[in-house]
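Residue numbers for the sequence shown, in full-length UniProt numbering: 1 to 580. Note that beta-carbon positions come from the ideal geometry of N, C-alpha and C, so glycine has one too. First the structure, in the form of structure tokens, and then the observations on it.
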Amino acid sequence: MTTTFSDTDLRTDAQAWLDGFSRFLTAELAPTAVFAPQSYWRDVLAFTGDLRTFNDEIPAELLRRQELAKATNIRIAEDRTPPRLVERAGIPCLEVIFEFDTLAGSGVGVARLVDVPDRGLLVRSLFTTLDQLADHPERTGEHRPVGQADSSKFGGPNWLDRRVAAQAYENRDPDVLIVGGGQSGLTLAARLGQLDVDALVVDTHVRPGDNWRTRYHALTLHNAVWLNDLPYMPFPATWPQFVPKDKLAGWFEAYVEAMEINFWGATAFVGGDYDEQSRSWVARVRRGDGTIRTLRPKHVVIATGVSGIPYVPELPGLSQFAGRTLHSSDYDDAGEFEGQRVVIIGTGNSAHDVAQDLHAHGVDVTMVQRSSTTIVSVDPSAAAADASYLTAPTLEDCDLLSMATVYPDLYTGSQMITATMKELDKDLVAALNRIGFRTDYGEEDTGQQMKFMRRGGGYYLNVGCSDLLISGQVGLVQYADTAGFVADGLSLTNGDVVEADAVILATGYQTQQEGVRALLGDEIADAVGPIWGYDDEGEVRNTWRRTAQPGLWFSSGNFQLCRIYSKVLAMQIRTDLDNG
1 MTTTFSDTDL RTDAQAWLDG FSRFLTAELA PTAVFAPQSY WRDVLAFTGD
51 LRTFNDEIPA ELLRRQELAK ATNIRIAEDR TPPRLVERAG IPCLEVIFEF
101 DTLAGSGVGV ARLVDVPDRG LLVRSLFTTL DQLADHPERT GEHRPVGQAD
151 SSKFGGPNWL DRRVAAQAYE NRDPDVLIVG GGQSGLTLAA RLGQLDVDAL
201 VVDTHVRPGD NWRTRYHALT LHNAVWLNDL PYMPFPATWP QFVPKDKLAG
251 WFEAYVEAME INFWGATAFV GGDYDEQSRS WVARVRRGDG TIRTLRPKHV
301 VIATGVSGIP YVPELPGLSQ FAGRTLHSSD YDDAGEFEGQ RVVIIGTGNS
351 AHDVAQDLHA HGVDVTMVQR SSTTIVSVDP SAAAADASYL TAPTLEDCDL
401 LSMATVYPDL YTGSQMITAT MKELDKDLVA ALNRIGFRTD YGEEDTGQQM
451 KFMRRGGGYY LNVGCSDLLI SGQVGLVQYA DTAGFVADGL SLTNGDVVEA
501 DAVILATGYQ TQQEGVRALL GDEIADAVGP IWGYDDEGEV RNTWRRTAQP
551 GLWFSSGNFQ LCRIYSKVLA MQIRTDLDNG
């Protein structure tokens with residue numbers, strides 16, 4: 001990599017900038033000696049108490065926030081990746097991980113310094129985040145609990161007795177009710193537990209992990225296991241690169257046990273009302289036996305993920321179809337369809353996986369494409385994207401550097417990795433286009449990950465179904481060429497009929513805002529507004545941060561996002577509880 005940096009010691013250069021930054025925060029140094037002409041600042045809780053990104057008036061904003069944060073002792077992080085020359089979004093920079101202290105707790109940051117002619121090293125991209133709360137450090141390492149080691153505990157309740165009592169909630173309410181027991185809910189519960197917050201997870205499935213266990217037989221994760229560790233409990237180094245769904249389900253169940261997560265299975269959150277006077281919720285859950293339990297938590301977190309209520313579109317003639325109709329969320333076992341003909345509406349990840357699973361069981365499958373789809377090979381393209389995440393020696397630092405990437409650089413970086421994917425997958429995509437399958441690379445060629453962050457779908461990581469389409473083993477019909485369903489199947493505009501015994505709607509899910517509307521009513525749903533997707537600053541809307549409705553939070557995302565932002569969300573909830 002070619003840079004314009006001097007040959008001086010990188011640590012010396014890094015410390016010199018940090019010293020200047022410290023002097024700037026005390027108004028002893030002009031901002032022009034610290035900030036590049038075009039610069040960005042992303043803060044997660046440390047200065048703003050929120051998730052914010054700034055690109056205008058950064059010096060003035062920082063100094064204003066510093067009046068309350070009182071950041072001091074800014075120093076190179078000794079136990080992290082040392083200062084080094086890297087390239088981020090195509091720009092050479094000196095990347096520095098640093099630590100600092102505030103009144104709220106200890107923080108960590110990343111400064112990406114560029115060499116500005118005649119001005120020296122200045123920060124182009126600054127990131128700051130709160131890492132530990134002063135009054136509630138995570139109960140790990142030196143802060144771990146002692147447990148029952150002294151003889152005075154004999155004769156009293158042991159660990160198991162206390163766990164059974166804790167999960168019963170017979171004479172108390174949880175501080176936090178978490179709705180959803182997938183990776184979003186469980187990682188948050190684990191984080192809250194280490195901050196001494198009483199949290200209860202409720203899930204409609206019976207056992208932890210059933211959200212994976214009950215899905216279709218052949219399912220595996222489509223990205224590498226080494227990116228998907230859960231907080232405090234990394235996956236074993238012996239595990240396969242792509243984890244089978246039942247293996248993952250068992251790990252979720254073990255995680256609940258090991259992390260002492262209070263979990264009520266076969267329990268549905270059926271609604272709630274916020275009591276302004278007590279600043280708590282009156283939340284209703286329906287247990288497996290049909291009884292309704294009323295809980296009064298201070299906070300409710302909807303952690304059902306981007307995929308919430310199934311979206312079932314009105315398709316012409318579908319009510320006339322004589323066969324079975326189901327949404328892909330209800331699909332489980334291809335064996336139910338052996339010897340049948342199945343039409344799948346949709347061409348996203350679920351549609352492809354269901355089609356491949358059905359084909360493997362001898363089912364005659366036809367996919368109907370409604371909109372263009374981003375196609376990415378698991379290997380080499382997705383593997384290249386996974387590898388691009390691992391830019392530091394430890395996953396902890398990789399997560400930090402990912403957080404430190406401001407939206408403009410995320411956008412540019414996504415375009416760069418997508419350009420690589422396009423070259424790697426050009427033959428695959430060309431073959432799909434030849435059979436009439438419509439493809440795209442996302443908005444301005446930013447790829448499938450940005451599609452996920454904007455809309456939660458619209459892509460497929462190819463583990464073989466694209467090849468089945470190309471070879472004709474799985475049929476393809478464009479929705480524009482259909483005339484509607486009839487009793488025997490799907491009628492085409494040319495008069496032909498694609499005969500079918502079943503129709504599977506792989507049509508995605510309603511927005512999370514609509515899920516809120518169904519559970520909490522129009523007033524709260526309208527007040528909160530859209531959930532997921534990017535706001536004007538490039539932050540994810542109403543996710544992992546405070547919303548317009550006090551005490552209501554949302555958590556979503558893949559394993560990496562849940563691992564990272566569960567901590568961010570947990571610290572905010574802990575702080576709110578401390579503040580009454």
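DSSP beta-bridge partners of residue i
i	result
residue 165	Answer by DSSP bridge pairing: none, since residue 165 is not bridged.
residue 459	374
residue 274	281
residue 82	Note: residue 82 sits in no beta bridge, so no partner.
residue 13	DSSP lists no partner for residue 13.
residue 482	492
residue 475	366
residue 129	44, 108
residue 186	None; residue 186 has no bridge partner.
residue 97	110
residue 503	325, 343
residue 220	244
residue 534	540
residue 509	310
Run of the alpha helix (DSSP H) containing residue i, from where it starts to where it stops
i	result
residue 411	407-424
residue 519	512-520
DSSP state of residue i mapped onto helix, strand, coil
i	result
residue 576	helix
residue 107	strand
residue 402	helix
residue 31	helix
residue 389	helix
residue 91	strand
residue 143	helix
residue 210	helix
residue 39	strand
residue 595	Since the displayed the chain opens at 1 and closes at 580, residue 595 lies outside it and no answer follows.
residue 315	coil
residue 359	helix
residue 124	strand
residue 569	helix
residue 310	strand
residue 526	helix
residue 428	helix
residue 553	strand
residue 172	coil
residue 353	helix
residue 379	helix
residue 115	strand
residue 581	Residue 581 lies beyond the residue range present for the chain, which begins at 1 and ends at 580; the question has no answer from this structure.
residue 67	helix
residue 444	helix
residue 215	coil
residue 384	helix
residue 594	Outside the displayed span of the chain (1 to 580) sits residue 594, for which this structure offers no information.
Span of the beta strand (DSSP E) around residue i
i	result
residue 177	176-179
residue 343	341-345
residue 199	199-202
residue 499	497-499
residue 544	Here residue 544 belongs to no beta strand (DSSP E), and DSSP marks it neither H nor E.
residue 439	Per DSSP, residue 439 belongs to no beta strand (DSSP E) and is neither H nor E.
residue 327	324-327
residue 51	51-54
Within-8 Å CB hit, residue i to chain B
i	result
residue 87	Reference to chain B is not applicable here, since this structure consists of a single protein chain.
Segment contact flag, the stretch 164-173 with the stretch 532-540, C-beta cutoff 8 Å, min 3 pairs: With the cut-off at 8 Å, the stretch 164-173 and the stretch 532-540 do not touch.
Touching by the beta-carbon criterion (3+ pairs, under 8 Å), the stretch 236-254 and the stretch 271-284: no
Every unbroken alpha helix (DSSP H) inside the stretch 226-306 [4 residues or more]: 245-258
Contact between the stretch 276-294 and the stretch 221-230 (3+ Cβ pairs under 8 Å): no
The stretch 174-187 touching the stretch 206-213, judged by at least three CB pairs closer than 8 Å: yes
Three-pair Cβ contact test at 8 Å for the stretch 489-501 versus the stretch 340-348: yes
Three or more C-beta pairs below 8 Å linking the stretch 401-409 and the stretch 119-134: Flag = yes, the stretch 401-409 and the stretch 119-134 touch.
Stretch pair the stretch 319-338 + the stretch 480-489: three plus CB contacts closer than 8 Å: yes
The stretch 414-434 in contact with the stretch 373-390 per 3-pair CB rule at 8 Å: yes
Cβ contact check for the stretch 344-357 and the stretch 458-474: 3 or more pairs under 8 Å: yes
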